[in-house]
Each structure stands twice: as C-alpha cells, then as structure tokens.
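Colleague: Quick one: the structure is below, questions incoming.
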Amino acid sequence: MPKSAINVAAAVLVYGNKVLLARRRGGYLDSLWEFPGGKFEADESAGHAAHRELIEELDIRIVPEQTLLVLEHEYPDKTVRLHFVKCRLSDTPDQCLAKMTANPEVSWFAPADFPLGEICPADRIAVGHLPWKQIITCEDGNE
C-alpha cells in the first residue's frame, strides 16, 4: 500500500542575494541543512504553514509571496510533499537578522555557495529545480 505524502512547507527566505538555511535537530537527517519550515496543519496553505513554522521555530516574521515548486520525495520511513514558498522578511531586517545571528542553527547562503553535500536529500533536489534568477533579484534587501 503506498504511503500518503506528508505536506511540508519550506520557506525560501531571501535577503539580498542570500537564502536562509537551517540545520535539522534530531532524527534521521540530524545536522543536515534544509529550507526552514514544517508540516501543514489541517486546512492550512503552504504560505500560512511557512509563516507559522518560522515564528515557532526561529521567532521571525515573514511574508509568504508565492509557491515556486512542489516536489515529492520518498524517505525510508515516509513520503513528503514539499511546497517551496518564496518569502521575504516582515519585521525590519535588523530585528530579524539579530534574532537569527543569535541562533547557530541558521545561516545565510548565496545559492552558488549552498553546502550541497550537507543538505537534506529533498532540499538538494529542489536547489537544482528552483528558479534562482526569479528568486534572487536586485531589489531584494535594498528597500
């Protein structure tokens, strides 16, 4: 019997020419980098799930803009359907960046500098399929 996929929001949070990645804590993929986010709750959209999860996990506020990519990936114990959502900071950049700097589990990376060998398998696949020229624009972070 096929496993039903678990819907997961993954925030592609952009600031300037960099994207936020977070390290997983515990479990099968412990210490690997991923786009931050988490499982959908009942009747929740991808954007709302990304927004809620970043508040819960990182204490930062974001504005979800659009779903860029949806992909399914099968792990040994489950299948996930990842919804990659482009997001921008909602609080002032200084407030958000101060909170994130205090957390060693997150870091900003230019897409060309992603630590591909240390990224969760599904997120690594997404890196090759996300429209980076559309995601990283001159205006991001220069408001």
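Numbering (my numbering), first residue to last: 76 to 218. C-beta atoms are modelled at their ideal positions from N, C-alpha and C, and glycine is treated no differently.
1. Return the residue from the list Arg100, Ala86 and Gly101 that minimises the CA-CA distance to Val94.
2. Starting from Gly122, trace the alpha helix (DSSP H) in both directions and tell me its first and last residue.
3. In whole angstroms, what separates the C-alpha of Trp108 from that of Leu144?
4. Does the distance from the C-beta atom of Ala84 to that of Ala117 stay below 8 Å?
5. Indicate, with yes or no, if the ligand ATP has a heavy atom lying under 7 Å from the CB of Asp198.
6. Only counting the same chain, and skipping five residues up and downstream in sequence, which positions put a Cβ closer than 6 Å to that of Pro196?
7. Just mark Pro139 as buried or exposed, buried being the case when its beta carbon has 16 or more other beta carbons within 10 Å.
Modeller: Taking the geometry as given:
1. Ala86
2. Ala121 to Leu133
3. 18 Å
4. Result no, Cβ atoms of Ala84 and Ala117 do not sit closer than 8 Å.
5. Inclusion of the ligand ATP in the displayed structure is not the case, the ligand content being empty and no account of it being possible.
6. none
7. buried
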